[in-house]
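Numbering (our numbering), first residue to last: 2 to 249.
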(Lines of atoms letter the chains of each structure in order from A and count residues from 1; the text may use other names and numbers.)
(Lines give C-alpha, C1' and ligand atoms only; values in the text may rest on other atoms or scores of the structure.)
Protein backbone atom coordinates (compact mmCIF):
# COMPACT_ATOMS: atom_id res chain seq x y z
CA UNK A 1 0.00 0.00 0.00
CA UNK A 2 1.35 3.44 -0.94
CA UNK A 3 2.21 6.18 1.57
CA UNK A 4 -0.29 8.50 -0.08
CA UNK A 5 -3.11 5.97 0.35
CA UNK A 6 -2.26 5.38 4.01
CA UNK A 7 -1.89 9.11 4.71
CA UNK A 8 -5.28 9.81 3.11
CA UNK A 9 -6.92 7.00 5.08
CA UNK A 10 -5.28 8.23 8.27
CA UNK A 11 -6.39 11.82 7.73
CA UNK A 12 -10.00 10.79 7.06
CA UNK A 13 -10.03 8.39 10.03
CA UNK A 14 -8.53 10.99 12.37
CA UNK A 15 -11.31 13.42 11.44
CA UNK A 16 -13.92 10.70 12.06
CA UNK A 17 -12.29 9.92 15.40
CA UNK A 18 -12.45 13.58 16.40
CA UNK A 19 -16.12 13.80 15.42
CA UNK A 20 -16.86 10.63 17.40
CA UNK A 21 -14.99 12.07 20.37
CA UNK A 22 -17.06 15.25 20.13
CA UNK A 23 -20.23 13.16 20.29
CA UNK A 24 -18.85 11.34 23.34
CA UNK A 25 -18.20 14.70 24.99
CA UNK A 26 -21.55 16.22 24.02
CA UNK A 27 -23.55 13.24 25.26
CA UNK A 28 -21.48 12.64 28.40
CA UNK A 29 -20.70 9.09 27.30
CA UNK A 30 -17.07 9.08 28.40
CA UNK A 31 -17.80 6.45 31.05
CA UNK A 32 -19.87 4.31 28.67
CA UNK A 33 -17.30 1.50 28.77
CA UNK A 34 -16.58 1.82 32.47
CA UNK A 35 -13.05 2.04 33.85
CA UNK A 36 -11.70 -0.72 31.60
CA UNK A 37 -9.31 -0.22 28.68
CA UNK A 38 -8.75 -1.34 25.95
CA UNK A 39 -11.77 -3.57 26.60
CA UNK A 40 -15.25 -2.10 27.04
CA UNK A 41 -16.77 -2.98 30.40
CA UNK A 42 -14.31 -5.86 30.58
CA UNK A 43 -15.28 -7.34 27.21
CA UNK A 44 -13.60 -7.16 23.81
CA UNK A 45 -17.02 -7.06 22.14
CA UNK A 46 -19.46 -5.47 24.61
CA UNK A 47 -23.18 -6.12 24.77
CA UNK A 48 -23.96 -2.55 23.64
CA UNK A 49 -27.04 -2.41 25.83
CA UNK A 50 -26.89 1.34 26.48
CA UNK A 51 -26.55 4.37 24.23
CA UNK A 52 -23.49 5.61 26.12
CA UNK A 53 -21.78 2.24 25.66
CA UNK A 54 -22.50 2.27 21.91
CA UNK A 55 -21.16 5.82 21.54
CA UNK A 56 -17.99 5.24 23.57
CA UNK A 57 -17.28 1.86 21.94
CA UNK A 58 -17.74 3.39 18.48
CA UNK A 59 -15.25 6.11 19.34
CA UNK A 60 -12.73 3.56 20.61
CA UNK A 61 -13.19 1.40 17.52
CA UNK A 62 -12.51 4.30 15.14
CA UNK A 63 -9.50 5.33 17.22
CA UNK A 64 -8.25 1.73 17.06
CA UNK A 65 -8.49 1.77 13.26
CA UNK A 66 -6.54 5.05 13.25
CA UNK A 67 -3.84 3.45 15.38
CA UNK A 68 -3.52 0.51 12.98
CA UNK A 69 -3.33 2.81 9.93
CA UNK A 70 -0.70 4.94 11.65
CA UNK A 71 1.46 1.92 12.49
CA UNK A 72 1.22 0.72 8.87
CA UNK A 73 2.16 4.21 7.68
CA UNK A 74 5.14 4.25 10.04
CA UNK A 75 6.36 0.84 8.86
CA UNK A 76 5.91 1.81 5.20
CA UNK A 77 7.92 4.99 5.74
CA UNK A 78 10.94 2.89 6.78
CA UNK A 79 11.57 2.15 3.09
CA UNK A 80 14.92 3.50 1.94
CA UNK A 81 13.36 5.58 -0.84
CA UNK A 82 11.20 7.62 1.57
CA UNK A 83 12.54 11.22 1.86
CA UNK A 84 13.91 12.19 5.27
CA UNK A 85 11.41 15.03 5.78
CA UNK A 86 8.52 12.62 5.24
CA UNK A 87 10.01 10.15 7.72
CA UNK A 88 10.33 12.88 10.34
CA UNK A 89 6.73 14.02 9.93
CA UNK A 90 5.46 10.44 10.08
CA UNK A 91 7.57 9.86 13.21
CA UNK A 92 5.91 12.88 14.84
CA UNK A 93 2.37 11.89 13.89
CA UNK A 94 3.00 8.32 15.10
CA UNK A 95 4.17 9.70 18.44
CA UNK A 96 1.07 11.88 18.79
CA UNK A 97 -1.30 9.05 17.85
CA UNK A 98 0.31 6.77 20.45
CA UNK A 99 0.20 9.58 23.01
CA UNK A 100 -3.48 10.15 22.18
CA UNK A 101 -4.22 6.50 22.95
CA UNK A 102 -2.23 6.71 26.19
CA UNK A 103 -3.99 9.87 27.39
CA UNK A 104 -7.38 8.38 26.53
CA UNK A 105 -6.53 5.19 28.42
CA UNK A 106 -5.40 7.11 31.51
CA UNK A 107 -8.55 9.27 31.50
CA UNK A 108 -10.72 6.14 31.36
CA UNK A 109 -8.77 4.04 33.88
CA UNK A 110 -8.63 6.84 36.47
CA UNK A 111 -12.26 7.76 35.72
CA UNK A 112 -11.56 11.41 34.86
CA UNK A 113 -14.96 11.56 33.18
CA UNK A 114 -18.53 12.51 34.05
CA UNK A 115 -18.68 15.02 36.89
CA UNK A 116 -15.06 14.53 37.97
CA UNK A 117 -13.52 17.98 38.60
CA UNK A 118 -10.11 16.92 39.92
CA UNK A 119 -6.90 18.77 39.01
CA UNK A 120 -5.58 15.83 36.94
CA UNK A 121 -8.69 16.04 34.75
CA UNK A 122 -8.28 19.80 34.38
CA UNK A 123 -4.78 19.10 33.05
CA UNK A 124 -5.68 16.03 30.99
CA UNK A 125 -8.62 17.55 29.07
CA UNK A 126 -6.72 20.42 27.38
CA UNK A 127 -3.68 18.18 26.89
CA UNK A 128 -5.90 15.64 25.15
CA UNK A 129 -7.32 18.31 22.84
CA UNK A 130 -3.95 19.89 21.98
CA UNK A 131 -2.55 16.44 21.23
CA UNK A 132 -5.53 15.83 18.94
CA UNK A 133 -4.76 19.08 17.11
CA UNK A 134 -1.13 17.98 16.76
CA UNK A 135 -1.87 14.56 15.26
CA UNK A 136 -4.44 16.05 12.89
CA UNK A 137 -1.96 18.76 11.92
CA UNK A 138 0.81 16.28 11.13
CA UNK A 139 -1.57 14.04 9.18
CA UNK A 140 -2.64 17.09 7.16
CA UNK A 141 1.01 18.03 6.69
CA UNK A 142 2.10 14.62 5.39
CA UNK A 143 -0.93 14.56 3.09
CA UNK A 144 0.02 18.03 1.82
CA UNK A 145 3.67 17.04 1.39
CA UNK A 146 2.82 13.90 -0.58
CA UNK A 147 0.79 16.04 -2.99
CA UNK A 148 3.03 19.11 -3.24
CA UNK A 149 6.67 19.89 -3.94
CA UNK A 150 9.26 20.20 -1.18
CA UNK A 151 9.69 23.90 -1.89
CA UNK A 152 6.03 24.45 -0.99
CA UNK A 153 6.72 23.19 2.52
CA UNK A 154 9.46 25.75 3.14
CA UNK A 155 7.14 28.51 1.95
CA UNK A 156 4.31 27.13 4.06
CA UNK A 157 6.27 27.26 7.33
CA UNK A 158 7.33 30.68 8.51
CA UNK A 159 7.46 32.42 11.89
CA UNK A 160 3.97 33.87 11.57
CA UNK A 161 2.45 30.45 10.96
CA UNK A 162 4.15 29.10 14.09
CA UNK A 163 2.65 31.96 16.10
CA UNK A 164 -0.78 31.18 14.64
CA UNK A 165 -0.37 27.51 15.59
CA UNK A 166 0.56 28.38 19.18
CA UNK A 167 -2.39 30.76 19.54
CA UNK A 168 -4.70 28.18 17.97
CA UNK A 169 -3.53 25.48 20.40
CA UNK A 170 -3.96 27.83 23.36
CA UNK A 171 -7.44 28.78 22.17
CA UNK A 172 -8.43 25.13 21.90
CA UNK A 173 -6.90 24.20 25.26
CA UNK A 174 -8.53 27.07 27.15
CA UNK A 175 -11.78 26.42 25.30
CA UNK A 176 -11.84 22.83 26.52
CA UNK A 177 -11.37 24.07 30.09
CA UNK A 178 -14.22 26.55 29.65
CA UNK A 179 -16.49 23.84 28.23
CA UNK A 180 -15.66 21.54 31.14
CA UNK A 181 -16.39 24.32 33.63
CA UNK A 182 -19.75 25.04 31.99
CA UNK A 183 -20.71 21.37 32.27
CA UNK A 184 -19.58 20.85 35.86
CA UNK A 185 -20.44 24.28 37.29
CA UNK A 186 -23.18 25.82 35.11
CA UNK A 187 -24.36 29.38 35.76
CA UNK A 188 -27.99 30.46 35.75
CA UNK A 189 -27.28 33.50 33.56
CA UNK A 190 -24.50 35.28 31.67
CA UNK A 191 -24.20 37.98 34.35
CA UNK A 192 -24.00 35.41 37.13
CA UNK A 193 -21.41 33.45 35.18
CA UNK A 194 -19.31 36.57 34.59
CA UNK A 195 -19.43 37.40 38.29
CA UNK A 196 -18.38 33.84 39.14
CA UNK A 197 -15.35 34.17 36.85
CA UNK A 198 -13.94 36.92 39.07
CA UNK A 199 -15.10 35.51 42.41
CA UNK A 200 -12.15 34.22 44.44
CA UNK A 201 -14.43 31.68 46.14
CA UNK A 202 -15.46 30.10 42.83
CA UNK A 203 -14.07 26.77 41.67
CA UNK A 204 -10.69 26.90 39.89
CA UNK A 205 -12.28 25.73 36.63
CA UNK A 206 -14.81 28.55 36.78
CA UNK A 207 -12.13 31.19 37.37
CA UNK A 208 -10.12 29.87 34.42
CA UNK A 209 -13.00 30.47 31.99
CA UNK A 210 -12.01 34.09 31.45
CA UNK A 211 -8.72 33.04 29.82
CA UNK A 212 -10.42 31.55 26.74
CA UNK A 213 -12.09 34.70 25.37
CA UNK A 214 -8.87 36.68 25.93
CA UNK A 215 -6.76 34.20 23.95
CA UNK A 216 -9.48 33.97 21.30
CA UNK A 217 -9.46 37.74 20.83
CA UNK A 218 -5.67 37.76 20.44
CA UNK A 219 -5.90 34.99 17.83
CA UNK A 220 -8.68 36.83 15.97
CA UNK A 221 -6.68 40.07 15.85
CA UNK A 222 -3.59 38.20 14.65
CA UNK A 223 -5.52 36.35 11.92
CA UNK A 224 -7.21 39.56 10.77
CA UNK A 225 -3.84 41.29 10.55
CA UNK A 226 -2.35 38.35 8.64
CA UNK A 227 -5.26 38.23 6.22
CA UNK A 228 -4.66 41.87 5.32
CA UNK A 229 -0.93 41.22 4.84
CA UNK A 230 -1.51 38.19 2.62
CA UNK A 231 -4.01 40.13 0.56
CA UNK A 232 -1.64 43.07 0.01
CA UNK A 233 1.63 41.16 -0.51
CA UNK A 234 0.44 38.14 -2.48
CA UNK A 235 -2.98 39.09 -3.78
CA UNK A 236 -4.55 36.17 -1.91
CA UNK A 237 -8.30 36.37 -1.38
CA UNK A 238 -8.87 36.30 2.38
CA UNK A 239 -12.56 37.14 2.63
CA UNK A 240 -13.34 33.67 4.01
CA UNK A 241 -10.82 34.16 6.84
CA UNK A 242 -12.34 37.52 7.76
CA UNK A 243 -15.84 36.07 7.57
CA UNK A 244 -14.76 33.31 9.97
CA UNK A 245 -13.32 35.90 12.38
CA UNK A 246 -16.50 38.00 12.26
CA UNK A 247 -18.63 34.89 12.84
CA UNK A 248 -16.60 33.78 15.85
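Glycine is no exception: its CB is placed at the ideal position from the N, C-alpha and C atoms. Note that the structure is predicted; figures quoted are calculated from it, not measured.
- If you ignore the 5 residues before and after residue 173, its C-beta comes within less than 7 angstroms of the C-beta of 130, 131, 134, all in its own chain and listed in chain order.
- For residue 29, there is no enclosing alpha helix (DSSP H), since its DSSP letter is neither H nor E.
- When beta bridges are read from the DSSP output, residue 210 appears opposite no residue.
- Boundaries cannot be given for residue 204, as no alpha helix (DSSP H) includes it and DSSP labels it neither H nor E.
- The alpha-carbon of residue 204 is positioned some 17 angstroms away from that of residue 190.
- Under DSSP, residue 44 shares a beta bridge with 41.
- In this structure the region 104-117 does not lie against the region 74-85, because fewer than three pairs of beta carbons, one per stretch, are closer than 8 angstroms.
- Within the model, the alpha-carbon separation for residue 4 versus residue 74 is close to 6 angstroms.
- Looking at the backbone, the Cα of residue 14 and that of residue 67 are separated by about 6 angstroms.
- Just measuring C-alpha positions, the residue of 165, 59, 209, 120 sitting nearest residue 183 is 209.
- The DSSP-derived three-state label of residue 194 is helix.
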